[in-house]
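**Q** The structure that follows is given in the form of structure tokens.
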Amino acid sequence: MSLDVDERTDSGSRRPSGADRAQYGVCAFLALLGVLVIVDATGIAHTTSSTDPIGPRTVPVLLGVLLLVIAVVYIVDVARGGRAEPEAGEDVDLTNPIDWRTVLLLIGAFVVNAVLIEPLGWVISGALLFWGTAFALGNRHYLRNLAIAVALSLITFYAFAIGLGVNLPAGVLQGIL
Amino acid sequence: MTVLVGYVPSPEGEAALRAGVDEARTRGETLLVMNASRGDAYVDRGFAQQKDLDQVRRDLTELGVDFDIRQVVGGRDAAEEIVELAGSSEVSLVVIGLRHRSAVGKLLLGSSAQRILLDSPCPVLAVKADY
Amino acid sequence: MDNLNHLLEGFAHVVTPMNLLLALIGVTIGTAVGVLPGIGPAMTVALLLPVTYGMEPTQAFIMFAGIFYGGMYGGSTTSILLNTPGESSSVVTAIEGNKMAKAGRAAQALATAAIGSFVAGTIGTLLLVLVAPLVVDFAVGLGAPDYFAIMLLSFIAVTAVLGSSRIRGFASLLVGLVIGIVGIDSVSGQQRLTFGVPQLADGIDVVVVAVGIFAVGEALWVAAHLRRKPAGVIPVGVPWMGREDWKRSWKPWLRGTAFGFPFGAMPAGGAEIPTFLSYATEKKLTKHPEQFGKGAIEGVAGPEAANNASAAGTLVPMLAIGLPTNATAAVMLAAFQSYGIQPGPLLFERESGLVWALIASLFIGNLLLLLLNLPLAPAWARLLRIPRPYLYAGIVFFASMGAYAVNAQPLDLFLLLTLGLIGFGMRRFGLPVLPLIVGVILGPRAELQGRRSLQLSGGELSGLLGGPVSYVIYAVIVLVLAWPLVRRYIVRPLVEQRA
Numbered sequence: 001m002s003l004d005v006d007e008r009t010d011s012g013s014r015r016p017s018g019a020d021r022a023q024y025g026v027c028a029f030l031a032l033l034g035v036l037v038i039v040d041a042t043g044i045a046h047t048t049s050s051t052d053p054i055g056p057r058t059v060p061v062l063l064g065v066l067l068l069v070i071a072v073v074y075i076v077d078v079a080r081g082g083r084a085e086p087e088a089g090e091d092v093d094l095t096n097p098i099d100w101r102t103v104l105l106l107i108g109a110f111v112v113n114a115v116l117i118e119p120l121g122w123v124i125s126g127a128l129l130f131w132g133t134a135f136a137l138g139n140r141h142y143l144r145n146l147a148i149a150v151a152l153s154l155i156t157f158y159a160f161a162i163g164l165g166v167n168l169p170a171g172v173l174q175g176i177l
Numbered sequence: 001m002t003v004l005v006g007y008v009p010s011p012e013g014e015a016a017l018r019a020g021v022d023e024a025r026t027r028g029e030t031l032l033v034m035n036a037s038r039g040d041a042y043v044d045r046g047f048a049q050q051k052d053l054d055q056v057r058r059d060l061t062e063l064g065v066d067f068d069i070r071q072v073v074g075g076r077d078a079a080e081e082i083v084e085l086a087g088s089s090e091v092s093l094v095v096i097g098l099r100h101r102s103a104v105g106k107l108l109l110g111s112s113a114q115r116i117l118l119d120s121p122c123p124v125l126a127v128k129a130d131y
Numbered sequence: 001m002d003n004l005n006h007l008l009e010g011f012a013h014v015v016t017p018m019n020l021l022l023a024l025i026g027v028t029i030g031t032a033v034g035v036l037p038g039i040g041p042a043m044t045v046a047l048l049l050p051v052t053y054g055m056e057p058t059q060a061f062i063m064f065a066g067i068f069y070g071g072m073y074g075g076s077t078t079s080i081l082l083n084t085p086g087e088s089s090s091v092v093t094a095i096e097g098n099k100m101a102k103a104g105r106a107a108q109a110l111a112t113a114a115i116g117s118f119v120a121g122t123i124g125t126l127l128l129v130l131v132a133p134l135v136v137d138f139a140v141g142l143g144a145p146d147y148f149a150i151m152l153l154s155f156i157a158v159t160a161v162l163g164s165s166r167i168r169g170f171a172s173l174l175v176g177l178v179i180g181i182v183g184i185d186s187v188s189g190q191q192r193l194t195f196g197v198p199q200l201a202d203g204i205d206v207v208v209v210a211v212g213i214f215a216v217g218e219a220l221w222v223a224a225h226l227r228r229k230p231a232g233v234i235p236v237g238v239p240w241m242g243r244e245d246w247k248r249s250w251k252p253w254l255r256g257t258a259f260g261f262p263f264g265a266m267p268a269g270g271a272e273i274p275t276f277l278s279y280a281t282e283k284k285l286t287k288h289p290e291q292f293g294k295g296a297i298e299g300v301a302g303p304e305a306a307n308n309a310s311a312a313g314t315l316v317p318m319l320a321i322g323l324p325t326n327a328t329a330a331v332m333l334a335a336f337q338s339y340g341i342q343p344g345p346l347l348f349e350r351e352s353g354l355v356w357a358l359i360a361s362l363f364i365g366n367l368l369l370l371l372l373n374l375p376l377a378p379a380w381a382r383l384l385r386i387p388r389p390y391l392y393a394g395i396v397f398f399a400s401m402g403a404y405a406v407n408a409q410p411l412d413l414f415l416l417l418t419l420g421l422i423g424f425g426m427r428r429f430g431l432p433v434l435p436l437i438v439g440v441i442l443g444p445r446a447e448l449q450g451r452r453s454l455q456l457s458g459g460e461l462s463g464l465l466g467g468p469v470s471y472v473i474y475a476v477i478v479l480v481l482a483w484p485l486v487r488r489y490i491v492r493p494l495v496e497q498r499a
């Protein structure tokens, strides 16, 4: 097996030659965003005055129109064979297809933290976040990870919330920590 | 039947290899050299580089042992890979190297050697670096 | 001489035990996080922002100066040892640096990188002291139309010059501009794109955007394509250089600095071009051409100095005009804004003490970095043994903590996830992230300056044309936009004629 330089460079050529149709999704996203911005802008009261002759609506409308234009140009580019170059990186192995299970597990860990941070407090939700992310990425040392996670969230809580006065909720552990 | 050596590029690993060669000879069996890594860190000192494996291959060829070398990067710990392989009917003995670890070191990282000793379905020979 | 006095005052301000300790902490964690592969300087600064939330602005920026240079240096250690350049500016360092390391000269490669970074950083910061006040003097005289033009140039430069596809660059910029207008319009007080959510009235915090796009987006992208293979690391000793190495290094350091600083100071100049220029120059001038491609020390010394000098250069437009020219400067600008400080010409007047303390701590941080990195290189290399799941779990953990701490509202965490998903999509489809960040930061200011210009002209578009400065800038914009056409119809035929 080769542990040499080529690992990164060979990723560019590996993409199949067929068009990457998922790119049309990006065009659709840009167009939808454009429509959303324009619709929102039309709902803004059009107040112009001598100190502000163009008002708050002009810029959003302009951006919305530009988004629609770029969406169309993008479609043309994709149709003419414009390719998406996925970002390479030292931890990224582009030879495999996207591993959706890992991505969804990671998003799950993230949402759990966002939902629980206020009721349970940072120490618990943050520990769950670290543990969940390590699990999602394939680490199976459950107990060791739990110890690391709890240590990290306790250290950050004491250092930042209590030491430096950063806003982190104590949650159910209020009064104990 | 074959003697399985859990190889790492270190004095302990070399000692295990020497012991494995001796065992394979006395038993009249083949030698299976195994190196495994989870492959999830940038640097794993237990992961044998190509030049280490080439050296092993040269040494074993010189010694005239019937051997096979296997390297696994499968997202599982080296101990798990070795225990699983030891469970196959082919393997008669597992040889591993031992090193001294501090109490804190063991607490933090666990010990691969201990897990192989406890979980391996076949006999395990453990040697120290100065064997 | 006035500046020198200011600078001395800045030093007097910084040299207290507490502040030196903060500088040391900044340098240490900046380097530690920067060494970790996958975390570039911009993400390092974004992730470490919350560390400074509870501090006085001056103290926070003393620490920031350390994080800034520490993060820059940490990246080069990784590219030399692992041949995995974290970002495009270290690509060149990796070419010769990794070859040197494989040939058993890792210690010399690290030493020339560390000392070269120090030399370039010190000269670069000195140039910053000399140049920034001149730029300020120039910028004070500029009116709203000129600023509008400068920002427009900045938008065009980051989208059209950098990156491979202009269409994808503009798409990214537009998304950033849209994120920038969320909230209450500062002129008319009207809500835009808030959808009635009260927390959105203040807009989406730039820190949340930066952390979401850089850190969460990267973690999701890595999760999708996790590499499961250890790379062999090269054993590191304590860095040192012999007589011969010094002789071969000092000229490349100075030449690299000369390339790096001006490019860093230009909008969209960046660090890639000067590092490549420096490499090419050293290859041409060297007395050992046979070593190039096999581990020539000049090929590490020059580009590494160029990289650091360019980092110092980016601080000129960032401090003097409030214009970020690369991702790290953009995040630094966000840090200033989170303290309610607006970089620009007035900064040197209003916050003179802060600016000069920051510049003084850049010098000190640079020196600490040298003292710290020479003996500690083997320790940094051990960080590379951290398994990737822990690394990215840590990134997500600190990203969430930082984003929540900005406003103490869970909504920001959902915004962070949304932005992370946008960042994920951008990486999947090859959209550059820098235009988005620049759009978010400069968009609202560009709108404000544009509306001010039109206010003076009573709504006539001619109001956007201010004076000679804006004429020149618009000419440059036209040139940048027309460059592909110029190249196709004028430059290429000329070259072909000659050939």
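Chains as they are written, first to last, in our numbering: chain A, 1 to 177; chain B, 1 to 131; chain C, 1 to 499. For each residue, glycine too, the CB sits at the ideal point set by N, CA and C. None of the values given here were measured: they were computed from a predicted structure.
For the candidate residues A78(B), F47(B), R25(B), M34(B), whose alpha-carbon lies nearest to that of S111(B)?
**A** When only C-alpha atoms are compared, the closest one is A78(B).
**Q** So, do the region 118-132 of chain C and the region 394-413 of chain C have three or more beta carbon pairs nearer to each other than 8 Å?
**A** They do not touch, by the three-pair rule.
**Q** Check whether the region 178-195 of chain C touches the region 347-358 of chain C, taking contact to mean three or more Cβ pairs, one atom from each stretch, closer than 8 Å.
**A** These segments do not touch.
**Q** CA-CA distance, M379(C) and V73(B)?
**A** Note that residue 379(C) is Ala in the sequence shown, not Met. C-alpha separation (whole angstroms): 26 Å.
**Q** Compute the beta-carbon to beta-carbon distance between V112(A) and G132(A), rounded to the nearest angstrom, for a pair I have assumed lies under 8 Å.
**A** At roughly 6 Å, the Cβ-Cβ gap stays under 8 Å, so V112(A) and G132(A) are in contact.
**Q** How do the region 436-455 of chain C and the region 129-136 of chain C stand: do at least 3 beta-carbon pairs fall below 8 Å, yes or no?
**A** Judged by Cβ distances under 8 Å, the region 436-455 of chain C makes no contact with the region 129-136 of chain C, as fewer than three pairs qualify.
**Q** Please list, in chain order, the chain A residues whose beta carbon lies closer than 8 Å to that of D22(B).
**A** What D22(B) touches in chain A: nothing, since even the nearest Cβ is about 29 Å away.
**Q** Mind checking if D6(A) is an interface residue toward chain B, Cβ cutoff 7 Å exclusive?
**A** In this prediction, D6(A) scores a pLDDT of 35, lower than 50, which makes its location untrustworthy; no coordinate-derived value is stated.
**Q** How many Å lie between V182(C) and G203(C) at the Cα?
**A** Using only the alpha carbons, I get a separation of about 5 Å.
**Q** Alpha carbon to alpha carbon, what distance is there between S37(B) and D4(A)?
**A** The pLDDT assigned to D4(A) is 35, lower than 50, so where the model puts this residue is not dependable, and the model offers no usable value.
**Q** For I44(B), return the contacting residues in chain C, with the cut-off set at a CB-CB distance below 8 Å.
**A** Residue 44(B) is actually Asp in this sequence, not Ile. Those are P230, R385, listed as they occur along chain C.
**Q** Could you tell me whether any Cβ in chain B is nearer than 7 Å to the Cβ of V233(C)?
**A** Output row for V233(C): interface = yes.
**Q** Chain C partners of I70(A), CB-CB under 7 Å?
**A** Neighbours of I70(A) on chain C, chain order: I167, F170, A171, L174.
**Q** If we ignore side chains and look at the alpha-carbon of each, how far apart do R8(A) and P17(C) end up?
**A** Summary for R8(A): the model assigns pLDDT 35, below 50, so the residue's position carries little reliability; its value from the coordinates is reported in the next sentence. Using only the alpha carbons, I get a separation of about 45 Å.
**Q** Can you list, in chain order, the residues of its chain with a C-beta nearer than 6 Å to that of C27(A)? Leave out the 5 residues immediately preceding and following it.
**A** For C27(A), where only same-chain residues beyond five positions count, the Cβ hits under 6 Å are A71, Y74, I75.
**Q** Since L98(B) sits in a beta bridge, which residues does DSSP pair it with?
**A** Note: L98(B) sits in a beta bridge opposite K128(B).
**Q** Using beta carbons (cut-off 7 Å, strictly below), is I25(C) in contact with chain A?
**A** No, because no Cβ of chain A sits closer than 7 Å to the Cβ of I25(C).
**Q** Let me know the secondary structure DSSP gives I98(A) once reduced to three states.
**A** Correct three-state label for I98(A): coil.
**Q** Looking at the C-beta of V92(C), does it have a partner C-beta in chain A at a distance below 7 Å?
**A** False, the Cβ-Cβ gap to chain A never drops below 7 Å.
**Q** Alpha carbons only, please: which of Q71(B), I82(B), D52(B), K128(B) is nearest the one belonging to G97(B)?
**A** When only C-alpha atoms are compared, the closest one is K128(B).
**Q** Would you be able to state if there are at least three C-beta pairs under 8 Å between the region 291-303 of chain C and the region 100-112 of chain C?
**A** A contact exists between the region 100-112 of chain C and the region 291-303 of chain C.
**Q** Quick check: what's the CA-CA separation for L164(A) versus S400(C)?
**A** Each residue's alpha carbon lies about 17 Å from the other.
**Q** For the beta strand (DSSP E) that Q71(B) lies in, which residues bound it at each end?
**A** Segment 67-73, the beta strand (DSSP E) holding Q71(B).
**Q** Between the region 402-415 of chain C and chain A, which residues of the former have CB atoms less than 7 Å from a CB of the latter, in chain order?
**A** Those residues of the region 402-415 of chain C that come within reach of chain A (Cβ to Cβ, closer than 7 Å) are Y404, A405, A408, P410, L413, F414.
**Q** Could you tell me how far apart the beta carbons of A65(C) and A210(C) are, in whole angstroms, since I believe they sit closer than 8 Å?
**A** With a Cβ gap of about 18 Å, A65(C) and A210(C) do not count as contacting.
**Q** Quick one: what's got a C-beta closer than 7 Å to S13(A)'s C-beta in the same chain, skipping five residues either side?
**A** Per-residue confidence for S13(A) stands at a pLDDT of 40, beneath the threshold of 50, marking its modelled position as unreliable; the derived number appears in the next sentence. Around S13(A): no qualifying Cβ.
**Q** Whose C-beta lies closer than 7 Å to the C-beta of E29(B) among residues of the same chain, with five residues either side of it excluded?
**A** Counting only Cβ-Cβ distances below 7 Å, and skipping sequence neighbours, we find M1, T2, V3, S92.
**Q** For S76(C), report the span of its alpha helix (DSSP H) as first-last.
**A** Segment 57-82, the alpha helix (DSSP H) holding S76(C).
**Q** Here's the rule I'm using: 16 or more other beta-carbon atoms within 10 Å means buried, otherwise exposed. How should D2(C) be labelled?
**A** Exposed, since its Cβ has fewer than 16 Cβ neighbours within 10 Å.
**Q** Could you pull out every residue in the same chain whose Cβ sits closer than 6 Å to the Cβ of S2(A), ignoring the five residues on either side in sequence?
**A** Because the pLDDT at S2(A) is just 34, under 50, the model does not fix this residue reliably, and the value given afterwards should be weighed accordingly. Closer than 6 Å at the Cβ level, and outside the excluded window around S2(A), lies no residue.
**Q** Are the beta-carbon atoms belonging to A403(C) and D412(C) less than 7 Å from one another?
**A** Yes, the pair counts as a contact, with Cβ atoms nearer than the cut-off.
**Q** So, I184(C) versus A171(C), is the Cβ gap smaller than 7 Å?
**A** Going by C-beta atoms, I184(C) is not nearer than 7 Å to A171(C).
**Q** Between the C-alpha atoms of P267(C) and G81(A), what's the straight-line distance to the nearest angstrom?
**A** Approximately 31 Å between the Cα atoms of the pair.
**Q** Look up M100(C) in the DSSP assignment and say whether it is helix, strand or coil.
**A** The answer is helix: DSSP assigns M100(C) an H, G or I state.
**Q** Write down the C-beta distance between A309(C) and G124(C) rounded to the nearest angstrom, noting that I regard them as a contact closer than 8 Å.
**A** Yes, they are in contact, since the Cβ atoms of A309(C) and G124(C) sit about 4 Å apart, within 8 Å.
**Q** When you compare the CB of S37(B) with every CB in chain C, is at least one pair closer than 7 Å?
**A** Yes, S37(B) counts as interfacial toward chain C.
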